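In this note's numbering, the protein residues as written are 93 to 475. What follows is one structure encoded as C-alpha cells, with my remarks underneath.
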C-alpha cells in the first residue's frame, strides 16, 4: 500500500496521500521539485511501481491545478497600466515611434499603455526621472540612445545615470548618419574634404549628435575643421549648408534624405562600416584611410554609439521575470505584420534589436577606449 505521506499545494490544508513535496529555491522565480515516495507491497514489481509513480504524478497535477509547471514563474501585466515615456515634446520621431508601438504592446501584455511626453534637458530629464522610478516594469521609456548614451559616457552633469544602470527591453530603430555638403559645393567627394586646408561644419551646439559626429570626424581625420554652432535646429543648419554659409553638416538619414532627394545636398560619407542600401553609392566612412589605429578606433566607437538609436528602457533593477515579459511583448509586437505595415506607412522603419542584443551593444559602447571617452567629454563641453 501507499504510505501516509503527502503533498501540500498553495492554499491546501490536507496533503495528497502517497506523495511528499519538497519545495526548493528562492527569489522571484521558484523552483519546485517533487520527491515522490512510493511504498509497495511488492517492491520487486517494476510494472506496479511505474503505475503508482504515474498515478502520483497525475495526483500532483490535479491537486495543484497544473501550477507545478513553469507557468508560475511567468510575470503578468494583465490589467495594469504602463506609462510609456517619450523624452521629447509631441510630434517628433520619438513620439511617433512610441505611439505607433503602444497599441501593440497593449495587445501583447493585456495592459493599458499610456504615452506620456516629458520634454527637457535634451531628452535627459525623462531618463533621469526614470532611473528613480519604481522598478516594477510599469514605467518604461523610449530613449535617445546617442544623446543620452553620449552624455552618460561623457559624465555630463545633466545625466544622472550610467548606461549600465538601465534595464534594456529592445531597440526599435537606428538610422545611419550622413555627412553632406551643398549639391553645388566645391567639395564633391570626402577625399576633397580631407585634402582641404580647412572645413566649416554647422552644428546646433555641444552635446548634440551633429556636434559629436563633427568633433569625432575632425579628430579622427585631422581635418582642421571649424565647428560653427548656434543654429536653432537642423532645418536652420540645413539652410546654411545650402546657401554656403557653412561647408557641410552631419545628420541622421531620416532628417537628411529629403534635401538629398530634392537635389540641395550631396552625401559624401555614411557613418558606418557598410554601405546603406538606400544610398549604395555613398562610401562608408570606415573605407577611408585613417592616420593610425587609434583614430580608426575613435570612429568605430562613435559608430557603436550611433547604433544605440532608439532603445526602449526601464528603471534599474526590474525583476528578471517582469523584464523578460516586457522583452517578449516587444519582440512579438515588432513581429506583428500590422505593426510592420503601419511603420512602412508612417515612414518609421523598424531596425530591431532584442533585449539581449541591445545589452551586448551597450556593453560594447561601455568598453570604448579612453580616448573616445575623452573625445565625448570635449564634445559635450564644447572645448
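Glycine included, every Cβ here is placed at the ideal spot set by N, Cα and C. Keep in mind the model is a prediction, meaning the values are calculated, not measured.
Determine the direct distance from the alpha carbon of residue j to that of residue i, and round the result to whole angstroms.
i           : j           : result
residue 320 : residue 370 : 29 Å
residue 432 : residue 287 : 44 Å
residue 268 : residue 307 : 17 Å
residue 329 : residue 212 : 22 Å
residue 468 : residue 384 : 19 Å
residue 209 : residue 471 : 27 Å
residue 271 : residue 350 : 14 Å
residue 225 : residue 273 : 44 Å
residue 333 : residue 276 : 10 Å
residue 222 : residue 194 : 18 Å
residue 342 : residue 402 : 18 Å
residue 451 : residue 357 : 36 Å
residue 474 : residue 172 : 44 Å
residue 309 : residue 285 : 11 Å
residue 347 : residue 353 : 11 Å
residue 420 : residue 197 : 10 Å
residue 131 : residue 443 : Note that residue 131 scores 36 on pLDDT, short of 50, meaning its location in the model is unreliable; the coordinates nonetheless yield the value given after this. Taking the straight line joining both Cα atoms gives about 60 Å.
residue 359 : residue 293 : 14 Å
residue 453 : residue 315 : 29 Å
With H, G and I counted as helix, E and B as strand and the rest as coil, what does DSSP make of residue i?
i           : result
residue 298 : coil
residue 309 : helix
residue 344 : strand
residue 258 : coil
residue 211 : coil
residue 419 : helix
residue 466 : helix
residue 367 : coil
residue 405 : strand
residue 397 : helix
residue 166 : coil
residue 474 : coil
residue 225 : coil
residue 187 : helix
residue 507 : Residue 507 cannot be examined here, being either before or after the span of the chain that is shown, 93 to 475.
residue 292 : strand
residue 157 : Because residue 157 sits at a pLDDT of 40, beneath the cut-off of 50, its placement in the model cannot be relied upon, and the following sentence gives the value as read from the coordinates. It is coil, neither helix nor strand.
Does the beta-carbon of residue i have 16 or more other beta-carbons within 10 angstroms, so that it is buried, or is it exposed?
i           : result
residue 429 : exposed
residue 335 : exposed
residue 311 : buried
residue 455 : exposed
residue 417 : buried
residue 438 : exposed
residue 339 : buried
residue 449 : exposed
residue 289 : exposed
residue 246 : buried
residue 181 : exposed
residue 406 : buried
residue 167 : buried
residue 372 : exposed
residue 344 : buried
residue 242 : buried
residue 466 : exposed
Below 8 Å on the Cβ atoms is my guess for residue i versus residue j; work out the distance and round it to an integer in Å.
i           : j           : result
residue 214 : residue 299 : 7 Å
residue 296 : residue 326 : 7 Å
residue 230 : residue 206 : Their Cβ separation, rounded to whole angstroms, is 10 Å, which puts residue 230 and residue 206 out of contact at 8 Å.
residue 264 : residue 189 : 5 Å
residue 435 : residue 192 : 7 Å
residue 317 : residue 238 : That pair is no contact at about 20 Å.
residue 389 : residue 457 : Not quite, the Cβ-Cβ distance comes to about 13 Å (not below 8 Å), so this is no contact.
residue 261 : residue 240 : Incorrect: roughly 15 Å between the Cβ atoms, too far for contact.
residue 177 : residue 233 : 4 Å
residue 266 : residue 422 : At roughly 15 Å, the Cβ-Cβ gap does not stay under 8 Å, so residue 266 and residue 422 are not in contact.
residue 382 : residue 313 : 7 Å
Could you name the residues of the same chain whose beta carbon sits closer than 8 Å to that of residue i, not counting the 5 residues immediately before and after it, in chain order?
i           : result
residue 409 : 227 and 259
residue 361 : 270, 271, 282, 374, 375, 376, 377 and 380
residue 415 : 229, 259, 261, 406 and 447
residue 365 : 376, 378, 392 and 395
residue 355 : 275
Below 7 Å, is the gap between the Cβ of residue i and the nearest heavy atom of the ligand ZN?
i           : result
residue 215 : This structure lacks the ligand ZN; in fact it carries no ligand of any kind.
Excluding five sequence neighbours on each side, which residues of the same chain lie with their C-beta closer than 6 Å to the C-beta of residue i?
i           : result
residue 120 : Because residue 120 carries a pLDDT of 38, less than 50, the predicted location of this residue cannot be relied on, and no value is offered for it.
residue 464 : 390 and 393
residue 202 : 170
residue 424 : 200
residue 368 : 268 and 362
residue 461 : 389
residue 279 : 273 and 285
residue 248 : 472
For residue i, which residues from the same chain have a beta carbon less than 7 Å from its beta carbon, with the 5 sequence-adjacent residues on both sides left out?
i           : result
residue 244 : 251, 253, 254 and 255
residue 386 : 463
residue 147 : Per-residue confidence for residue 147 stands at a pLDDT of 40, beneath the threshold of 50, marking its modelled position as unreliable; the derived number appears in the next sentence. No residues qualify anywhere along the chain.
residue 187 : 178, 180 and 209
residue 216 : 240, 243, 250 and 251
Is residue i close to chain C? Criterion is C-beta to C-beta, closer than 8 Å.
i           : result
residue 466 : No chain C appears in this structure, which consists of one protein chain only.
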